[in-house]
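Add 361 to the 1-based position in the sequence shown for our numbering, that's all there is to it.
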Amino acid sequence: MTPTRDVQVLPIATDTTVLRSRTWERLKFEIEYALKRGTTANSFIIQAEKTALIDPPGESFTEIFMQALKQRFDLKKLDYVILGHVNPNRSVTLKTLLELAPQITFVCSNPGAIALRAALPDNDLNILVMRGEETLDLGKGHHLEFIPTPSPRWADSLCTYDRQTEILYTDKLFGAHICGDQVFDEGWTTFNEDRRYYFDCLMAPHARQVETALDKLSEFQTRLYAPGHGALVRYGLLPLTQAYREWIGQQQSKDLSVALIYASAYGNTATLASAIARGITKAGVAVESINCEFTEPAELQAAVEKANGFIIGSPTLGGHAPTPVQTALGIVLSSADKTKYAGVFGSYGWSGEAIDLLEGKLKDAGYQFGFDPIRVKFKPTDATLKYCEEAGTDFAQALKKAKKARIPRQQTSDSQTARIEQAVGRVVGSMCVVTTKQEELSGAMLASWVSQASFNPPGFTVAIAKERAIESLTHTGKKFVLNILAQGNHLGLMKHFLKPFAPGEDRFVGVATEEANNGCPILTDALAYLECTVSNRMECGDHWLVYAAVENGKLLQTSGVTAVHHRKSGSHY
362 MTPTRDVQVL PIATDTTVLR SRTWERLKFE IEYALKRGTT ANSFIIQAEK
412 TALIDPPGES FTEIFMQALK QRFDLKKLDY VILGHVNPNR SVTLKTLLEL
462 APQITFVCSN PGAIALRAAL PDNDLNILVM RGEETLDLGK GHHLEFIPTP
512 SPRWADSLCT YDRQTEILYT DKLFGAHICG DQVFDEGWTT FNEDRRYYFD
562 CLMAPHARQV ETALDKLSEF QTRLYAPGHG ALVRYGLLPL TQAYREWIGQ
612 QQSKDLSVAL IYASAYGNTA TLASAIARGI TKAGVAVESI NCEFTEPAEL
662 QAAVEKANGF IIGSPTLGGH APTPVQTALG IVLSSADKTK YAGVFGSYGW
712 SGEAIDLLEG KLKDAGYQFG FDPIRVKFKP TDATLKYCEE AGTDFAQALK
762 KAKKARIPRQ QTSDSQTARI EQAVGRVVGS MCVVTTKQEE LSGAMLASWV
812 SQASFNPPGF TVAIAKERAI ESLTHTGKKF VLNILAQGNH LGLMKHFLKP
862 FAPGEDRFVG VATEEANNGC PILTDALAYL ECTVSNRMEC GDHWLVYAAV
912 ENGKLLQTSG VTAVHHRKSG SHY
């Protein structure tokens, strides 16, 4: 039986070893873990004349990591612990390390030093602060250089470069949450979907800061990226770097943007912010993520004035919003145009006064809300994160609709564009409904861009718009049912699934269903259904083209014919 957690220890370069703490289970309820493919927390040991440990894992792996570390390395000879970022989750491991090796010196950025002292308040810490100019010589040619790469979510982020091995330890950059035996990225294209999802969840909301980090890192001659999660990047180093640049460009080229402002005491509000940002970016609107605890007032004001809408999130501490949030709220009220859409969210333990404060102040000022205020008690769940993602998408759609209303309709019937749209609109498709259920999450959408794609195995493709709520449930390996509608009996189902659904709303209320073998809903009034598993995905402009293999199916109405969707224009459904 395969263990659910272990530590994989292997040499990767001269005097350099990786310790990959692995789990095949979902580690956290955070949007970046939503594909549920497990994860690795990568740590590294450099043993030269002095010894350095880079990025020990969080609390989930403390016990097995320390066991592996003690078995293979002499902790009395451990000189440095280098931290790419500091968070409360890592403090348990750091405290255990200090108990066994009190001589260690921590190496981190200045914000990291502040966070480290807060995380370990009862310890006398030796700390080396790296601001970008300082270096660390471990001997035997291992001369370490440090590159601060701050972002709103990780203000203390620090990358480390070893000139001896030309390894760049990138912490959060270039990672992916996926667990397996593969240490390096041979066949790197198989990781593309996971790396893109990881980028969209964690990097897209602060694309500007990621671009700055890439510019800094480009100055180093690198043969290996050693990220904090996933396979080490050797074979796909250049393509992945180029992909990051392309994805950043896609975010920066958007003509609509949202300022997402928040503070987070225990990480829960930051998690909600990530889920909301994911919903906004997948709908084609850019996000400027702003952690108001580390942002200068002038920078915050400029971001709010530039953005087409703004969203503020806060924890509740002692019945109040933290001071940075209150300061940010004052800046928003004094500088944001009243025509801009607003949003409010937050997490709390026993009460949610901070959320009420934000909502009340913005309502009194006359702002229109893009979604109902989101209040989350304690840690978010899968259902909570999906709700936040859908709320973010609704917010983005409201901005798009408002912009469209402001632009005068142009007469383009004789233009080349109009002629193309009319011609493309003549491509017809069968009327179908895609349905899925994955644990507590379910989804459905009307689909007409469906086509058989293979005989053996039987398979088809379906195009899914990026902003669809169901999109995040159709990644590789996920299961769904394609319900094919019958001509003359399709209008009721078509109208039901065409209507807008509120975030988190049950799509199947009032619809006759039964459970398929793969656990997804079958619409019993359909002409036929196919049970499928997603085999591949391809990005196609504003849609994902999903290829699915058919594993089961049945004709429910032997005398019926397929309902067909006829369009006049290729620019909309």
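Positions of the beta carbon are idealized from the N, C-alpha and C atoms, including for glycine.
- Here the region 582-595 makes no contact with the region 460-474; the two share fewer than three CB pairs at distances below 8 Å.
- A distance of 7 Å or more separates the beta carbons of Ala413 and Leu380.
- Boundaries of the alpha helix (DSSP H) harbouring Tyr748: Asp743 to Arg767, taken from the DSSP string.
- Boundaries around Gly914 are those of the beta strand (DSSP E), His904 to Leu916, since no alpha helix (DSSP H) includes it.
- In the three-state reduction of the DSSP assignment, Asp440 falls in the strand class, which pools E and B.
- The Cβ neighbour count for Val785, taken over all protein chains shown within 10 Å, is under 16; the residue is labelled exposed.
- Counting along the chain, no alpha helix (DSSP H) covers Tyr627, and no H or E run does either.
- Its Cα nearest to that of Phe426, the residue Asn403 stands out among Asn403, Lys643, Pro566 and Ile622.
- Looking at the backbone, the Cα of Thr384 and that of Arg366 are separated by about 4 Å.
- Pairwise C-beta distances place the region 595-606 out of contact with the region 641-648, as fewer than three of them are shorter than 8 Å.
- According to DSSP, residue pairing for Lys738 in a beta bridge involves Tyr709.
- Burial is judged here by how many other beta carbons sit within 10 angstroms of a residue's own beta carbon; Val789 has fewer than 16 and is exposed.
- A Cβ-Cβ contact shorter than 7 Å links Ile443 with Val468.
- In the structure shown, Ala814 adopts extended strand secondary structure according to DSSP, grouped into three states.
- DSSP places Arg433 in the uninterrupted alpha helix (DSSP H) bounded by Thr423 to Arg433.
- For the pair of segments examined, the region 740-750 was found not to touch the region 681-691: the number of CB pairs separated by less than 8 Å stays below three.
- Take the alpha-carbon of Asn913 and the one of Glu393: they are about 31 Å apart.
- Nearest to Lys699 by alpha-carbon distance, out of Asp717, Ala587 and Gly670, is Gly670.
- Between the beta-carbon of Gly640 and that of Gly753 there is about 3 Å, and that keeps the pair under the 8 Å contact cut.
- Excluding the 5 residues flanking it on each side, Gly536 has same chain C-beta neighbours closer than 7 Å at Tyr559, Pro588, Gly589, His590 and Gly591, in chain order.
- Leu846 places its beta carbon less than 7 Å from that of Ala924.
- DSSP, reduced to helix, strand and coil, places Cys562 within a helical segment of the structure shown.
- Around the beta carbon of Glu828, 16 or more other beta carbons sit within 10 angstroms, so the residue counts as buried.
- Closest in C-alpha terms to Phe581, from the list Glu875, Thr375 and Ile528, comes Ile528.
- Closest option to Cys653, judged by alpha-carbon separation, among Asp755, Tyr728 and Ala634: Ala634.
- Excluding its 5 nearest sequence neighbours in each direction, Leu718 has C-beta neighbours in its own chain below 7 Å: Ala682, listed in chain order.
- Contact between Val795 and Phe841 holds: their C-beta atoms lie close to 6 Å from each other, under 8 Å.
- Relative to Pro372, the option among Phe545, Leu481, Glu782 and Leu884 whose CA is nearest is Phe545.
- In the three-state reduction of the DSSP assignment, Glu900 falls in the strand class.
- Residue environment: Thr885 is assigned as exposed (fewer than 16 neighbouring CB atoms within 10 Å of its CB, all protein chains considered).
- As a beta-bridge residue in DSSP terms, Ala824 pairs with Leu906.
- Under the three-pair Cβ rule at 8 Å, the region 490-510 does not count as touching the region 452-464.
- Only residues of its own chain outside the window of five on either side were considered, and among them Val368, Ala402, Pro418, Phe422 and Phe426 have a CB closer than 6 Å to the CB of Ser382, listed in chain order.
- In terms of Cβ geometry, Gly820 and Tyr748 do not form a close pair [threshold 7 Å].
- By the CB criterion at 7 Å, Thr677 and Ser712 fall inside the cutoff.
- Using a Cβ distance threshold of 7 Å, Ala462 and Leu439 count as a contacting pair.
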